[in-house]
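Enquirer:
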Amino acid sequence: MEEFAYTPWFSSDSDDETVRQFIDAVHITALSFSHFFRFYQDIHIAVQAFQHAKAIGAFYIATDIESRQLIAQIEQAEAEIAKWKNQIKKETQFNRKVEYNMKIQQLTKQIEQWKQQLR
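Sequential numbering of the sequence shown, starting at 1, is according to my numbering.
Right, here's the structure in full:
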């Protein structure tokens, strides 16, 4: 069973570059008509790129497995950063807050490296 793919609500006349690139990617002239499955795949890949745009910082259609793995790693690291930020809010000891901030900075640097690999 495949995962669900969805987009948030957006206006078709939006000035957002990501929205414009998504609309261009799913425009009927940009889709393959060789067979129905390929047509569906083109739309699915564009929706995934739109979903990942927030994590990556740009609309990027991942065509190979390595790129998809990098995107998954970026999203996982961002979730971990959110977890550490929540821990900082709850923590009362200053030394642990510093430790958590160091982990956040390390993850942020790693995310930037992964983003550079995608470009």
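For glycine and all other residues, C-beta sits at the position ideal for the given N, C-alpha and C.
Here the structure is a predicted model, which is why all the values come from computation and not from measurement.
When the Cβ atoms of the region 13-25 are set against those of the region 57-72, are three or more pairs found closer than 8 Å?
Expert: Output reads yes: the region 57-72 touches the region 13-25.
Enquirer: Looking only at its chain, what residues have a beta carbon closer than 7 Å to the beta carbon of Glu80, apart from the 5 residues adjacent to it on each side?
Expert: On the sequence shown, residue 80 is found 80 positions in, with the first residue counted as 1. The answer, listed in chain order, is Leu107.
Enquirer: How about Asn101 and Ile88: do their beta carbons lie closer than 8 Å?
Expert: The residue you call residue 101 lines up with position 101 of the sequence shown. The residue you call residue 88 lines up with position 88 of the sequence shown. Yes, they are a contact pair.
Enquirer: Just the Cα atoms here: how many angstroms apart are Gln53 and Lys90?
Expert: Position 53 of the sequence shown, counting from 1, holds the residue named residue 53. Position 90 of the sequence shown, counting from 1, holds the residue named residue 90. One detail in the question is off: residue 53 reads as Ala in this sequence, not Gln. Rounded to the nearest angstrom, the two C-alpha atoms are 30 Å apart.
Enquirer: For the alpha helix (DSSP H) holding Leu107, just list the boundary residues, first then last.
Expert: The residue you call residue 107 lines up with position 107 of the sequence shown. Phe94 to Leu118 is the span of the alpha helix (DSSP H), which, as asked, contains Leu107.
Enquirer: Does DSSP classify Leu31 as helix, strand or coil?
Expert: Working through the sequence shown from its first residue, we reach residue 31 at position 31. Correct three-state label for Leu31: coil.
Enquirer: For Ala55, which three-state DSSP category applies?
Expert: Within the sequence shown, residue 55 is the residue found at index 55, counting from 1. Helix, per DSSP.
Enquirer: Mapping DSSP to helix, strand and coil, what is Val47?
Expert: Locating residue 47 in the sequence shown gives position 47, counting from the first residue. DSSP places Val47 in helix when its eight states are reduced to three.
Enquirer: Please determine, among His44, Phe37 and Lys115, the residue with the shortest C-alpha to C-alpha distance to Ala5.
Expert: Start at 1 with the first residue of the sequence shown, and residue 5 comes out as number 5. That would be His44, whose Cα lies nearest to the Cα of Ala5.
Enquirer: Report back the beta-carbon spacing between Ser67 and Leu118 to the nearest angstrom; my notes put them in contact at under 8 Å.
Expert: Looking up residue 67 in the sequence shown gives position 67. Looking up residue 118 in the sequence shown gives position 118. Indeed, because the Cβ distance is near 6 Å, the residues count as touching under 8 Å.
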